[in-house]
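Just below is one structure, and these are the notes that go with it.
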Amino acid sequence: MAKTDVVVIGGGPAGYVAARRLGQLGVETILVEKEHLGGTCLNLGCIPTKTLYAATLPLGKTELYRRMGLDFSVRVDLPRLRAFLSQVVENLRSGVARLLAASKVEILRGEGRVLKPGEVEVISDSKTERIEAKAIVLAMGSAPVELSFLPFDGERVWSSDHALALPQIPERMAVVGGGVVGLELATVFRRLGAKITVVEMMDGLLPGLGLSRRGEAFLRQSLERQGIEIRLKTRAAGLTKGGLLVDGEKREEIEAEVILVAVGRRPLSQGLADLGLKLEKGFVVTDESFRAGPGIYAIGDLRGGALLAHKASHEGLLLAETLAAELRGETPATEKPKAIPWTVFTDPPVA
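Each residue of the sequence shown is one higher than the last, beginning at 21 in this note's numbering.
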């Protein structure tokens, strides 16, 4: 059985930042990742959405340019747009790998599973191996929430993962959820030419983010001027042959070829309760030092709070400093976040 100081399970913003900093501090570290380095943010979240936002920015200004006397047309070459997006993501993945290598972090490809405190099993296509570690860091992240009456199929019902693969530009798209992910993707697909209807069960957009009524109203009016229809106090009720069944002022059908479900994310915490870890709504409960159990720590989306990449990476840095101090026999410092900024890439952006 291999031995190391720390095993980090998950190569997203929380996990790879923690692993890199541990390596820089001289802590022998193994990072386990079953898919791509960079996690959701790099592969299926922040980077692809912001790249698409930037790439489609001119499309959102064509009407303004026409009013100014600049009349021209733009054709969307979807295969080339996909290729550009893939290249951006691949370049950044390679960058993460180089950073980890420079910090002497060993990367194991496979699915990591905690057998007990101090022992991890890594299962890959070719082999299964076990690692003994002084500390285990859980950073498996989160995944899109799936609705039982709108199961993802990648064809008519999309998650954000499906949307960012750009399989097509539908003529009409219904977006279930008026939160960050729903509005950012609604903005991008509207620019690409889709007719968008956003369905939100609450009485305002971006619920839970503390946006003022005035700010929310300004954002809603801006989106509507761009041709995005907003349905507030409306619940998705099911899939129909022609689109989405909703319950609002009345039960009706919204015509749509594609339904994008963006109603939040769930932690990838399956099986962790069996280790004796405490979970609340699926999120791992930790103390201020990110400790979830004896020798086991959790960071990033897995422990809840704001599901933001910059919060996750900051937690990775803090935990690395904590673990390095503990392994040296020192008392680690603790830090409580005072404020966590957020930005939504709509048009205009909101922060």
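Note that CB positions come from ideal geometry on N, CA and C, so glycine has one too.
Going by beta carbon distance, what residues of the same chain come within less than 7 Å of residue i, once the five residues before and after it are set aside?
| i | result |
| --- | --- |
| valine 201 | Ser180 and Ala282 |
| proline 368 | Ser242 |
| glutamate 236 | Gly224, Leu225 and Leu226 |
| glutamate 191 | Ala214, Lys215 and Glu277 |
| glutamate 55 | none |
Quick check: the Cα distance between residue i and residue j, rounded to an integer number of angstroms?
| i | j | result |
| --- | --- | --- |
| leucine 280 | alanine 183 | 8 Å |
| asparagine 111 | arginine 102 | 14 Å |
| leucine 12 | alanine 214 | The first residue shown for the chain is 21 and the last is 371, placing residue 12 beyond what the model contains. |
| threonine 60 | leucine 135 | 25 Å |
| glutamate 152 | valine 140 | 7 Å |
| leucine 288 | arginine 210 | 31 Å |
Looking at residue i: is its Cβ nearer than 8 Å to the Cβ of residue j?
| i | j | result |
| --- | --- | --- |
| valine 52 | valine 27 | yes |
| alanine 257 | arginine 271 | yes |
| glycine 284 | valine 370 | no |
| proline 68 | leucine 105 | yes |
| leucine 62 | arginine 95 | no |
| serine 232 | alanine 34 | no |
| glycine 30 | methionine 160 | yes |
Which one of the options has the shortest CA to CA distance from residue i?
| i | options | result |
| --- | --- | --- |
| isoleucine 360 | Glu249, His330 and Glu341 | His330 |
| leucine 120 | Pro187, Ala38 and Met88 | Ala38 |
| serine 309 | Gly138, Leu226, Thr354 and Val219 | Thr354 |
| alanine 122 | Phe209, Leu42, Gly263 and Gly35 | Leu42 |
| lysine 261 | Leu62, Glu275 and Arg86 | Glu275 |
| glutamate 83 | Lys54, Glu191, Ala117 and Gly247 | Gly247 |
| arginine 286 | Gly325, Gly263 and Tyr317 | Gly325 |
| leucine 170 | Glu149, Ser146, Ala155 and Val195 | Val195 |
| methionine 21 | Thr306, Leu343 and Thr148 | Thr148 |
| proline 99 | Leu167, Ala117, Ser146 and Pro187 | Pro187 |
| glutamate 131 | Val125, Ser144 and Asp294 | Ser144 |
With a threshold of 8 Å on Cβ separation, who are the neighbours of residue i within its own chain once the five nearest residues in sequence on each side are excluded?
| i | result |
| --- | --- |
| leucine 328 | Ile360 and Trp362 |
| lysine 356 | Glu308 |
| proline 454 | Only positions 21 to 371 of the chain appear in the structure, and residue 454 is not among them; the question remains open. |
Quick one: residues in its chain with C-beta nearer than 6 Å to the C-beta of residue i, no 5 flanking neighbours on either side, listed in chain order?
| i | result |
| --- | --- |
| glycine 198 | Val218, Glu220 and Leu225 |
| leucine 265 | Ala257, Gly258 and Glu273 |
| glutamate 249 | Thr217 |
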